[in-house]
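Numbering (this note's numbering), first residue to last: 48 to 501. Built from N, CA and C at the ideal position, the CB exists for glycine as well. This report concerns only the one structure given below.
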């Protein structure tokens with residue numbers, strides 16, 4: 048019976064698969080196999096052992112591992128015994144030779160984290176494509192810009208999308224920057240010293256140290272991971288904390304996008320609207336409702352992902368060479384944060400791709416203040432004519448306040464002003480107060496973003 052919403056409601060099957068029990072087992076077996084191969088190449092285990100362990104690993108079943116764990120209460124040793132009992136001959140005696148549990152767990156998790164990053168990268172690239180397309184499509188869709196929730200000067204919807212696209216591109220850059228610090232494994236032994244790989248009797252210490260180091264390096268090469276430079280029993284959790292912090296940063300960008308969509312879909316604004324299916328129901332009691340449920344879903348789940356940051360930071364604070372306080376929480380954090388972030392990216396992409404635009408409302412909002420929001424354009428023209436910036440600011444501010452208070456247009460208020468009323472012809476004032484012509488370099492900057500990211 049499914050209990051957690053991740054099992055039946057959130058996330059893609061691909062990302063759930065990455066963090067499934069079966070995936071964890073397969074990755075652990077992959078690590079055990081790579082270790083055996085590296086040890087055979089180094090002459091530590093007899094020839095043919097690695098191939099037998101690899102064959103046996105393919106036949107290990109999750110249910111059998113669970114049965115063994117139920118008996119011995121140790122997850123990694125359950126895997127080791129399941130491989131051992133499947134091996135022919137004495138090859139099973141060499142499974143996990145010299146390794147400690149977290150050599151396998153942390154290295155397997157590095158493989159799963161890499162899989163997770165690959166999926167998240169693909170999802171973000173899809174979202175980026177959708178944002179770039181919308182930026183290009185709405186390059187000339189002039190709308191009112193808002194600061195502090197109040198009407199400012201004009202911008203364009205293309206500009207909004209380009210800003211979001213640029214931020215998603217930075218999140219992709221951060222993802223790539225993170226990889227070399229996250230995709231890291233180890234074969235270090237009980238407290239990180241690799242002592243179990245260095246013989247003490249009848250051996251040349253220099254050769255033995257070289258051999259131990261070679262086993263670790265070769266194991267990681269086979270898995271296409273970087274080797275942890277130095278560790279305790281664990282790969283240091285600052286690496287994993289950075290992953291969760293990146294997830295939190297990424298979903299916050301999605302939260303920003305979807306919060307803006309939600310605000311712009313408010314009945315009083317109504318410039319855009321999430322796609323709404325012909326049979327979709329908005330409310331169980333209000334048949335007329337068309338709610339921004341996808342955006343709200345993203346904003347709500349982003350809070351959950353961000354909440355894991357503190358937990359994972361604390362997982363880096365462990366006793367001496369290790370304790371077990373990180374283990375249980377990481378099973379939750381890695382899985383939930385990854386699956387929910389994946390879900391949020393996919394859902395945001397749907398919102399962007401299906402977003403509807405209400406041109407009538409966009410224009411009405413743009414012209415709502417009857418020129419008052421174009422005060423900056425008038426002030427700047429006065430400054431260019433030598434009127435003085437500060438003097439012009441005060442005169443235009445006075446005209447704007449009068450327009451607000453008396454409910455008249457900005458043009459009427461300017462004409463009434465003794466100081467600036469005669470500064471402009473009617474045609475000049477028409478141009479200055481036209482919001483469609485006051486978008487500056489927005490179009491060119493949108494083009495630059497679109498060209499770079501297309």
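Rank the options by C-alpha distance to the C-alpha of residue i and give the top, closest one.
{"i": "residue 107", "options": "143, 343, 127 and 379", "result": "127"}
{"i": "residue 479", "options": "444, 419 and 120", "result": "419"}
{"i": "residue 174", "options": "52, 214 and 202", "result": "214"}
{"i": "residue 86", "options": "70, 146 and 134", "result": "146"}
{"i": "residue 169", "options": "324, 237 and 62", "result": "62"}
{"i": "residue 135", "options": "104, 202, 451 and 402", "result": "104"}
{"i": "residue 417", "options": "494, 458 and 129", "result": "458"}
{"i": "residue 230", "options": "290, 338, 339 and 193", "result": "290"}
{"i": "residue 404", "options": "92, 434, 436 and 311", "result": "311"}
{"i": "residue 148", "options": "264, 254, 237 and 119", "result": "237"}
{"i": "residue 96", "options": "143, 70, 122 and 253", "result": "143"}
{"i": "residue 197", "options": "339, 75, 486 and 316", "result": "316"}
{"i": "residue 159", "options": "453, 245 and 378", "result": "378"}
{"i": "residue 216", "options": "300, 356, 373 and 245", "result": "300"}
{"i": "residue 500", "options": "209, 137, 324 and 374", "result": "209"}
Taking the beta carbon of residue i as the centre, do at least 16 other beta carbons fall within 10 Å, making it buried, or is it exposed?
{"i": "residue 55", "result": "exposed"}
{"i": "residue 342", "result": "buried"}
{"i": "residue 335", "result": "exposed"}
{"i": "residue 314", "result": "exposed"}
{"i": "residue 367", "result": "exposed"}
{"i": "residue 60", "result": "exposed"}
{"i": "residue 16", "result": "In the structure as shown, the chain begins at 48 and stops at 501. Residue 16 is therefore absent and cannot be evaluated."}
{"i": "residue 242", "result": "exposed"}
{"i": "residue 49", "result": "exposed"}
{"i": "residue 235", "result": "buried"}
{"i": "residue 332", "result": "exposed"}
With a CB to CB cut of under 7 Å and the five nearest residues on each side skipped, what residues in its chain are close to residue i?
{"i": "residue 394", "result": "341, 344 and 345"}
{"i": "residue 407", "result": "none"}
{"i": "residue 162", "result": "65"}
{"i": "residue 302", "result": "345, 346 and 349"}
{"i": "residue 398", "result": "305, 308, 321, 341 and 342"}
{"i": "residue 384", "result": "291, 294, 352 and 355"}
Short of 6 Å in beta carbon distance, which residues of its chain neighbour residue i, apart from the five on each side in sequence? Order them along the chain.
{"i": "residue 348", "result": "387 and 391"}
{"i": "residue 423", "result": "200"}
{"i": "residue 211", "result": "178 and 304"}
{"i": "residue 358", "result": "376 and 380"}
{"i": "residue 35", "result": "In the structure as shown, the chain begins at 48 and stops at 501. Residue 35 is therefore absent and cannot be evaluated."}
{"i": "residue 204", "result": "185, 188 and 190"}
{"i": "residue 116", "result": "122 and 125"}
{"i": "residue 151", "result": "75, 78 and 123"}
{"i": "residue 401", "result": "322"}
{"i": "residue 442", "result": "466 and 467"}
Roughly how many angstroms lie between the CA atoms of residue i and residue j, to the nearest whole one?
{"i": "residue 272", "j": "residue 280", "result": "18 Å"}
{"i": "residue 364", "j": "residue 226", "result": "22 Å"}
{"i": "residue 371", "j": "residue 328", "result": "47 Å"}
{"i": "residue 277", "j": "residue 396", "result": "40 Å"}
{"i": "residue 421", "j": "residue 474", "result": "15 Å"}
{"i": "residue 282", "j": "residue 369", "result": "10 Å"}
{"i": "residue 429", "j": "residue 297", "result": "44 Å"}
{"i": "residue 502", "j": "residue 438", "result": "In the structure as shown, the chain begins at 48 and stops at 501. Residue 502 is therefore absent and cannot be evaluated."}
{"i": "residue 294", "j": "residue 382", "result": "12 Å"}
{"i": "residue 193", "j": "residue 415", "result": "13 Å"}
{"i": "residue 270", "j": "residue 154", "result": "9 Å"}
{"i": "residue 232", "j": "residue 240", "result": "15 Å"}
{"i": "residue 448", "j": "residue 410", "result": "23 Å"}
{"i": "residue 141", "j": "residue 361", "result": "36 Å"}
{"i": "residue 53", "j": "residue 67", "result": "11 Å"}
{"i": "residue 167", "j": "residue 471", "result": "55 Å"}
{"i": "residue 309", "j": "residue 288", "result": "31 Å"}
{"i": "residue 69", "j": "residue 412", "result": "54 Å"}
{"i": "residue 337", "j": "residue 330", "result": "8 Å"}
{"i": "residue 435", "j": "residue 496", "result": "35 Å"}
{"i": "residue 254", "j": "residue 244", "result": "11 Å"}
{"i": "residue 455", "j": "residue 224", "result": "55 Å"}
{"i": "residue 292", "j": "residue 274", "result": "22 Å"}
{"i": "residue 432", "j": "residue 484", "result": "20 Å"}
{"i": "residue 129", "j": "residue 114", "result": "10 Å"}
Distance cutoff 8 Å, beta carbons only. Does residue i sit that close to anything in chain C?
{"i": "residue 400", "result": "As a matter of chain content, chain C is missing from the structure shown, which is built from one protein chain."}
Whose C-beta lies closer than 8 Å to the C-beta of residue i among residues of the same chain, with five residues either side of it excluded?
{"i": "residue 72", "result": "107, 109, 112 and 126"}
{"i": "residue 285", "result": "363"}
{"i": "residue 89", "result": "258, 261, 262 and 265"}
{"i": "residue 498", "result": "none"}
{"i": "residue 83", "result": "92, 96, 97, 100, 101, 141, 142 and 144"}
{"i": "residue 486", "result": "189, 201, 202, 203 and 206"}
{"i": "residue 451", "result": "419"}
Taking contact to mean at least 3 C-beta pairs separated by less than 8 Å, is the stretch 386-398 in contact with the stretch 350-367?
yes
So does the stretch 314-321 actually touch the stretch 219-233, counting three or more Cβ pairs closer than 8 Å? no
Pairing CB atoms from the stretch 68-84 with CB atoms from the stretch 98-114, are three or more of them under 8 Å?
yes
Open item on the list: Can you confirm whether the stretch 475-491 touches the stretch 185-204 when touching is taken to mean that 3 or more C-beta pairs between the two stretches lie within less than 8 Å?
Closed with: yes
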